[in-house]
Amino acid sequence: MPELPEVETTCRGISPHIIGACVERVEIRNSKLRWPIPKTIVTLLPGMSATSVLRRGKYILIQFDFGWLIIHLGMSGSLRLVHKSVAPDKHDHFDIYFDTGNALRYKDPRRFGSILWTTDAPANHKLLKNLGPEPLSNDFSRDYLHAISRKKIQTIKTFIMDGRNVVGVGNIYANEALFDSGIRPGVGAGKLSLRRCEKLTTSIKHILQKAIKKGGTSLRDFVNSDGNPGYFQQELYVYGREGLPCKLCNKPLRSKFINQRSSFYCNSCQR
DNA sequence: TTAATCACCTGAGGGC
DNA sequence: TGCCCTCAGGTGATTA
232 MPELPEVETT
242 CRGISPHIIG
252 ACVERVEIRN
262 SKLRWPIPKT
272 IVTLLPGMSA
282 TSVLRRGKYI
292 LIQFDFGWLI
302 IHLGMSGSLR
312 LVHKSVAPDK
322 HDHFDIYFDT
332 GNALRYKDPR
342 RFGSILWTTD
352 APANHKLLKN
362 LGPEPLSNDF
372 SRDYLHAISR
382 KKIQTIKTFI
392 MDGRNVVGVG
402 NIYANEALFD
412 SGIRPGVGAG
422 KLSLRRCEKL
432 TTSIKHILQK
442 AIKKGGTSLR
452 DFVNSDGNPG
462 YFQQELYVYG
472 REGLPCKLCN
482 KPLRSKFINQ
492 RSSFYCNSCQ
502 R
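Structural data, given as structure tokens:
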């Protein structure tokens with residue numbers, strides 16, 4: 232389940248292999264994703280070179296000579312670099328073949344992801360223009376979180392998972408960051424004190440940085456650009472551990488549904 | 001305007 | 001072994 236660390240891991244993995252490489256051919260095997268893959272890129276991209284690979288939230292932005300590919304991995308997507316001779320699997324939707332002999336291959340069994348093309352700056356794209364700050368940037372601070380959460384009646388977990396408030400925090404890392412900061416997921420966002428906002432922003436940054444170092448979390452689908460899993464799941468304190476003892480106080484962890492998402496917490500360590 | 005809910009999709013896992 | 005059902009989850013669209 233790709234969240235920010237998985238997307239960052241993917242960007243770092245593909246970047247050195249495709250920057251400067253020229254597109255020879257594009258193949259769309261199955262255009263059905265959240266939105267259809269634009270067929271125009273089959274004729275547009277060949278002859279262009281990739282010039283940069285960036286990340287904005289959970290979006291991967293690949294810059295070419297005359298436009299950008301905006302890629303979202305959805306729930307089950309992955310981008311891998313393979314040799315062009317490697318045969319595609321069942322759910323490999325899309326390939327970009329480069330003159331280096333490599334192909335950038337997009338796989339997404341559940342088809343919640345998306346591949347879009349824009350010639351405008353990605354920041355102006357409707358999917359990106361309303362996104363909140365990057366959690367690892369200085370813009371995401373105690374004061375910012377405290378200011379935007381005033382009078383909000385949503386739970387804090389729903390609030391930090393909303394990309395308009397801060398990008399890249401999905402269910403796994405929201406659960407882990409809230410545990411790390413000692414805040415129950417069901418607490419109202421508007422009720423957090425400045426001190427607790429500071430703890431939470433610190434925890435979100437800490438958890439995400441740790442996950443990036445470990446190559447992300449592989450629960451079911453995620454593999455990095457080499458086709459290998461991430462290892463952060465071995466560091467999870469609460470996610471998916473309902474009924475198991477808390478690693479800090481040994482009491483059984485609980486779970487509840489918040490906004491249609493499984494939430495895991497320790498009734499003793501989190502208040 | 002805000003918050004909640006729905007819909008999309010397929011593989012994994014459990015029960016029978 | 002095979003069938004059926006439930007669950008998982010990110011996010012745009014829709015509804016309240």
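Counting with this note's numbering, you get residues 232 to 502 for the letters of the first sequence. Glycine included, every Cβ here is placed at the ideal spot set by N, Cα and C.
Quick check on this structure: which residue in the options has the alpha carbon closest to the alpha carbon of residue i?
i, options, result
"residue 327", "471, 311, 341", "311"
"residue 426", "237, 395, 378", "378"
"residue 296", "265, 349, 262, 441", "349"
"residue 315", "255, 444, 347", "255"
"residue 489", "389, 257, 433", "389"
"residue 277", "266, 288, 253", "253"
"residue 338", "351, 440, 233, 475", "233"
"residue 479", "493, 322, 351, 412", "412"
"residue 321", "266, 239, 409, 260", "260"
"residue 416", "440, 375, 441, 470", "470"
"residue 436", "376, 474, 477, 386", "376"
"residue 434", "441, 408, 356, 424", "408"
"residue 373", "245, 440, 423, 357", "423"
"residue 487", "439, 441, 481, 386", "386"
"residue 263", "240, 323, 239", "323"
"residue 286", "319, 317, 318, 245", "245"
"residue 501", "239, 491, 492, 477", "477"
"residue 361", "288, 317, 332, 351", "288"
Return yes when the Cβ of residue j is within less than 8 angstroms of the Cβ of residue i, no when it is not.
i, j, result
"residue 251", "residue 283", "no"
"residue 419", "residue 384", "yes"
"residue 530", "residue 445", "Here the chain covers residues 232 to 502 and nothing more, so residue 530 does not appear."
Whose C-beta lies closer than 6 angstroms to the C-beta of residue i among residues of the same chain, with five residues either side of it excluded?
i, result
"residue 299", "292, 349, 353"
"residue 498", "485"
"residue 392", "400, 405"
"residue 302", "291, 346"
"residue 258", "326"
"residue 421", "380, 381, 382, 383"
"residue 294", "282, 283"
"residue 482", "499"
Kindly give me the distance between the Cβ atoms of residue i and residue j, rounded to whole angstroms, as I take these residues to be in contact under 8 angstroms.
i, j, result
"residue 576", "residue 344", "The question about residue 576 has no answer here: the residues shown for the chain are numbered 232 through 502."
"residue 290", "residue 359", "6 angstroms"
"residue 431", "residue 414", "6 angstroms"
"residue 341", "residue 307", "4 angstroms"
"residue 305", "residue 243", "So it is not a contact: roughly 20 angstroms between Cβ atoms."
"residue 503", "residue 439", "Given that the chain is displayed from residue 232 to residue 502, the structure contains no residue 503 and the question cannot be resolved."
Which residues in the same chain as residue i place their Cβ atom closer than 8 angstroms to its Cβ, once the five residues preceding and following it in sequence are excluded?
i, result
"residue 472", "484, 495"
Leaving out five residues before and five after residue i in sequence, what residues of the same chain have Cβ atoms less than 7 angstroms from its Cβ?
i, result
"residue 371", "364, 365, 397, 432"
"residue 239", "286, 443"
"residue 468", "407, 410, 478"
"residue 492", "402"
May I ask whether a heavy atom of the ligand GDP can be found less than 7 angstroms away from the beta carbon of residue i?
i, result
"residue 294", "The model on display carries no ligand, and the ligand GDP is accordingly not part of it."
- request: Decide yes or no for the touch test of the stretch 301-321 against the stretch 269-277: beta carbon pairs closer than 8 angstroms, at least 3 of them.
  value: no
- request: Evaluate contact between the stretch 234-253 and the stretch 326-345, counting only Cβ atoms and requiring at least three cross-stretch pairs below 8 angstroms.
  value: yes
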